[in-house]
Amino acid sequence: MALSKDEVLAGLAEIVSEETDIDTAEVTLEKSFTDDLDIDSLSMMTIVTLAEEKFDVRIPDEKVKDLVTVGDAVDFIAAA
Amino acid sequence: MNVVVTGLGTTSPLGGDVASTWEAALAGRSGVRTLENDWAEQYGVPVTFAGQLVVPPSEVLSRPETKRMDPSAQMAIVAAREAWADAGLAEAEVDPERLGSIVSSGIGGVWTLLTAWDTVKERGASRVLPLTVPMLMPNSPTAYVSLEFKARAGAHAPVSACASGAEAIGMGFEMIQSGRADIVICGGTEAAIHPLPISAFAAMQALSKRNDDPQGASRPYDVSRDGFVLGEGAGVVVLESEEHAKARGARVYASLLGLGMTADAHHIAAPEPNGAGQTRAMELALERAGLTTADVAHVNAHATSTPVGDMIEARGIRSLLGSHADQVLLSATKSMTGHLLGGAGALESVFTVKALETRTAPPTINVTEPDPELQVDLVRDTPRALPEGQIAAINNSFGFGGHNVALVFGV
């Protein structure tokens, strides 16, 4: 079942918020995970693992480095 | 170099901080309850009660903190924050390179480990979270304490089963005495109320099976004692060189005067029947403190409520103190808290320091018929006053593996 980008963003924002205490409203498409949201690599891998389960997708380890912004992740998950 | 206690912290089956825990202890309340789960039905776990925290860490920590730390580390952080603030260190200038962290756990991140294994079995290896290793490692609590307070003189986690928390405090004493640090945040933590550890301790016949009377189950020295009651929580003390504490005008609760550590080398789980190693630990601690047995006014016993262990320790105390034992007030606070394993020696150090500070020995509950062999003045049901003047108190902790730790505090 394909999800809309808005649905993916909402779901991803929930995961990020749970892991970091950043308000879901702050998790917007243009934000960089590392530079804007201050998410370290282990937290990023945690978010990826939780997102794979939530959206029933597979995000290969080598793909994670390309997911610089929240928008990159939303695009990848929505297209998967 | 003299070492003093300047801060205390805990989260325990009696309360979410030192004040509420101490108040409940003086009131003789039990922190033991029937567990609200169906482990007995689901897995046949034979013991259905434990000493659970009054205030779960999730009520005081942020959501990410509870996700990044095993419950054992969460409890340690709660207690360490209280101790840190209590010592007035939040407002003080502390040199990170002269600050140490020694917080132990007897078992480590058992919830994290076993939950991750469930994940592997039920949902596959790819669902295992990346923080699993830093959460389950037994040095995780001390590492998080070091991170939080920037303790860079060293972060350690000595492991000696139920003596771990006391050993951590003993190592903190030595870290200051050896000149490695001015301040050490030390203590112990345990979060092992999980069906596996309960089943395993029960398999050793170590646990009380009074499922119909949880609050009466931990009854050290009582003739009908039938094993210990598992508890959870953390205790943390801030140790500081006297010089450093004086220079910053810190409030001093008590001095940590002596430490005795020995090993039985007798059996992997059973204590040596004559208690020679335990008694020698107490002797060494008094000797190092430069005290004689006549200075001892109070003992917080290890006394876990096991049929064999309690009396080995009590006989050792009697043989060490001789007739002076009649003037020593003995408290077994596990009667109220249950046994916090790696957290026990630390919580009981908090109790020992509070007892000296307030000149009040906390009660031992549930002793309806004391073991006829007991030849020490046991404080039963209500607190009793300790004498004025210079007094010392011993806190004993012993662990599976034959570890014996005695700490001597004084005021």
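These protein sequence lines map, in sequence, to chains X and V. If you're matching positions, the first sequence starts at 109 in this note's numbering and goes up one per residue. If you're matching positions, the second sequence starts at 12 in this note's numbering and goes up one per residue. For glycine and all other residues, C-beta sits at the position ideal for the given N, C-alpha and C. On a predicted model such as this, the values are computed, not experimentally measured, just so you know.
Asked, Found
"Straight-line gap, residue 224 (chain V) to residue 183 (chain V) (C-alpha atoms, nearest Å)", "39 Å"
"Closer than 8 Å to chain X by CB, residue 72 (chain V)", "no"
"Cβ-Cβ separation, residue 206 (chain V) to residue 426 (chain V) (assumed contact under 8 Å), whole Å", "Chain V is shown only over 12 to 422; residue 426 (chain V) falls outside these bounds and no answer can be derived."
"Closest Cα partner of residue 270 (chain V) within the set V:73, V:384 and V:185", "V:185"
"Neighbour flag for residue 145 (chain X) against chain V, beta carbons, 8 Å", "no"
"is_contact[residue 140 (chain V), chain X] using C-beta, thresh 8 Å", "yes"
"8 Å CB neighbourhood of residue 99 (chain V) in its chain, flanking five on each side removed", "17, 18, 259, 261 and 262"
"The beta strand (DSSP E) enclosing residue 251 (chain V), as first and last residue numbers", "244-252"
"Contact set between residue 78 (chain V) and chain X, taken where Cβ atoms lie within less than 9 Å", "126, 127 and 154"
"Supposed close pair residue 331 (chain V), residue 304 (chain V) - CB separation, criterion 8 Å", "6 Å"
"CB contact check: residue 75 (chain V) to chain X, cutoff 8 Å", "yes"
"8 Å Cβ cutoff, residue 150 (chain X) in contact with chain V", "yes"
"At least three beta-carbon pairs within less than 8 Å, the segment 26-39 of chain V to the segment 360-373 of chain V", "yes"
"The beta strand (DSSP E) enclosing residue 86 (chain V), as first and last residue numbers", "Per DSSP, residue 86 (chain V) belongs to no beta strand (DSSP E); it is in the alpha helix (DSSP H), 82-97."
"C-beta neighbour in chain V for residue 161 (chain X), strict 8 Å", "yes"
"Spatially closest choice to residue 406 (chain V) from V:110, V:353 and V:419, by CA coordinates", "V:419"
"Rounded distance between the beta-carbons of residue 24 (chain V) and residue 315 (chain V), thought under 8 Å", "About 14 Å; that fails the 8 Å criterion."
"Through-space distance from residue 120 (chain V) to residue 135 (chain V), alpha-carbon basis", "21 Å"
"Limits of the unbroken alpha helix (DSSP H) element including residue 322 (chain V)", "320-332"
"Under 9 Å by beta carbon: chain V residues contacting residue 157 (chain X)", "137, 138, 139, 140 and 141"
"Validate contact between the segment 319-326 of chain V and the segment 219-236 of chain V using beta carbons, cut 8 Å, 3 pairs", "yes"
"Which residues DSSP lists as bridging residue 60 (chain V), in chain order", "V:45"
"Rounded Cβ spacing between residue 353 (chain V) and residue 118 (chain V) (contact assumed at less than 8 Å)", "7 Å"
"Reduced DSSP category for residue 402 (chain V) - H, G, I as helix; E, B as strand; rest coil", "coil"
"Those residues which DSSP pairs with residue 371 (chain V) across a bridge", "V:396"
"8 Å Cβ cutoff met for residue 123 (chain X) and residue 158 (chain X)", "yes"
"Rounded Cβ spacing between residue 386 (chain V) and residue 336 (chain V) (contact assumed at less than 8 Å)", "6 Å"
"Where residue 152 (chain X) falls, given that 16 or more other Cβ within 10 Å makes a residue buried", "buried"
"Cβ pair residue 219 (chain V), residue 211 (chain V) closer than 8 Å", "no"
"Residue closest to residue 122 (chain V), alpha-carbon to alpha-carbon, out of V:159, V:155, V:306 and V:78", "V:78"
"With 16 other Cβ atoms within 10 Å as the buried cut-off, status of residue 26 (chain V)", "buried"
"Pairwise C-alpha distance: residue 415 (chain V) and residue 404 (chain V)", "16 Å"
"Own chain, CB closer than 6 Å to residue 397 (chain V), minus 5 neighbours either side, in chain order", "308, 309, 370 and 372"
"Of the listed residues V:379, V:374 and V:383, nearest to residue 392 (chain V) (C-alpha basis)", "V:374"
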